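A.B. asks:
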Amino acid sequence: MLSSCLTDNSDDETTIIKKDRKRKKLNPLVQKSSDGLKSRAVKSPDSDDEDIESVMVSYRSKRVAGREGPSDMGATAVLEIETEVDKDAQAIFENALKINKELKGKEDDKLYRGLNNYAQYYEKRDTAQGNASSGMVRKGPIRAPANLRATVRWDYQPDICKDYKETGYCGFGDSCKFLHDRSDYKFGWQLEREMQEGTYGDVDHDPHQYEVDTDSDHLPFKCFICRQSFKSPVVTK
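Going by the UniProt record's numbering, the residue at position 32 of the sequence shown is 32; the numbering climbs one at a time, nothing skipped.
#1: Please determine if the segment 90-101 and the segment 129-149 are in contact, where contact requires at least 3 C-beta pairs separated by less than 8 Å.
#2: Taking the alpha-carbon positions, what's the K98 to S58 distance?
#3: How far does the alpha helix (DSSP H) with K101 in it extend, from its first residue to its last?
#4: So what does DSSP say about L179, is it helix, strand or coil?
#5: In chain order, what residues of the same chain lie with their CB nearer than 8 Å to the CB of L148, ignoring the 5 residues before and after it?
#6: To the nearest angstrom, how far is the alpha carbon of G173 from that of D159?
#7: For the candidate residues R125, K104, T127, whose alpha-carbon lies nearest to that of N117?
#8: Among the candidates A146, G114, K124, S133, whose CA atom is the shortest distance from the CA of T76?
#9: Once you ignore the five residues that flank Q120 on each side, which residues in its own chain have a CB closer than 6 Å to its CB?
#10: Shortest alpha-carbon distance to D184 belongs to which of E197, S175, V203?
#11: In whole angstroms, what separates the C-alpha of G74 from that of D163?
#12: Taking E166 as part of the alpha helix (DSSP H), name the residues at either end of that continuous run.
#13: Just to confirm the assignment, what range does the alpha helix (DSSP H) spanning L191 have?
#14: Return helix, strand or coil for H208, following the three-state DSSP convention.
#15: Give a single yes or no on whether G140 has its beta carbon closer than 6 Å to a heavy atom of the ligand FAD.
#16: Look at the alpha carbon of H180 and the alpha carbon of H205, and state the distance between them as a whole number of angstroms.
#17: Express the C-alpha separation of P207 and V235 in angstroms, rounding to a whole number.
#18: What does a CB cutoff of less than 6 Å around G135 pick up in its chain, not counting 5 residues either side in sequence?
#19: Which of the three DSSP states is assigned to N116 in this structure?
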């Protein structure tokens with residue numbers, strides 16, 4: 001009788017037991033790759049599949065052995081920061097010369113062709129410096145060479161260790177990122193100032209320029225710590 005009741009109750013109710021998934025603890029000593037191609041996109045009830053796919057980014061190899069970019073690795077690249085060749089001052093002047101040659105000896109047709117295309121009665125000719133359209137003959141900006149790509153660095157920030165230059169010692173040692181150089185040199189602005197004042201090269205005529213002072217008791221010019229002149233120095237042995 002009891003068994004029949006248990007069978008009846010089991011038929012009426014079905015119990016589903018779901019095992020809780022254990023949360024993995026992050027272990028820094030265990031390294032592994034990602035979960036393959038599984039996307040971990042979090043779906044919200046308001047978002048659809050198209051919005052989620054637009055956020056996901058995937059990359060695919062071109063399966064080509066060649067390198068990206070130009071085959072010559074940019075050796076024949078030209079300078080592209082200047083004005084286009086067909087729009088610069090030289091191109092405008094060449095177009096004006098062409099129009100003047102076409103209209104030479106013809107009657108004025110009263111047609112306005114722009115500010116740069118007025119009739120020129122003085123014809124410029126080629127010289128030893130260059131042709132008539134180049135900047136060597138005419139007035140105006142000169143077309144920059146396209147094969148020169150210069151990288152300019154000014155000397156306003158010389159990467160030289162100041163401590164090593166003044167004292168001969170640096171606490172960073174070989175790991176210092178600045179250059180350990182104690183040579184005497186001048187900045188560019190100092191050379192320009194001497195050129196303007198007319199004192200450039202006066203030190204070269206000093207006969208005692210390369211003499212080495214052998215006096216060991218000689219004090220430095222200024223204190224290396226406070227960078228001020230000595231007032232009452234203490235002489236020690």
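All C-beta atoms, glycine included, are put in the ideal place defined by N, C-alpha and C.
Computed from a prediction, not measured in an experiment: that's the story for all the values here.
C.D. replies: So, to answer that:
#1: Because the criterion of three Cβ pairs below 8 Å is met, the segment 90-101 and the segment 129-149 touch.
#2: Taking the straight line from one Cα to the other gives about 54 Å.
#3: Per DSSP, K101 belongs to the alpha helix (DSSP H) from 89-102.
#4: L179 sits in a strand when the DSSP states are folded into three classes.
#5: Cβ within range, chain order: L79.
#6: So the two alpha carbons sit approximately 15 Å from each other.
#7: Measuring from the Cα of N117, the nearest candidate turns out to be K104.
#8: Considering only alpha carbons, the answer is A146.
#9: Excluding sequence neighbours, Q120 sits near N100.
#10: Considering only alpha carbons, the answer is V203.
#11: Answer to the nearest angstrom: the Cα atoms are 41 Å apart.
#12: Boundaries of the alpha helix (DSSP H) harbouring E166: 162-167, taken from the DSSP string.
#13: DSSP places L191 inside the alpha helix (DSSP H), whose first and last residues are 188-197.
#14: When DSSP states are grouped into helix, strand and coil, H208 belongs to the coil group.
#15: The model on display carries no ligand, and the ligand FAD is accordingly not part of it.
#16: Approximately 29 Å between the Cα atoms of the pair.
#17: Rounded to whole angstroms, the gap between the alpha carbons of V235 and P207 is 31 Å.
#18: The residues are I142.
#19: Reduced to three states, the DSSP call for N116 is helix.
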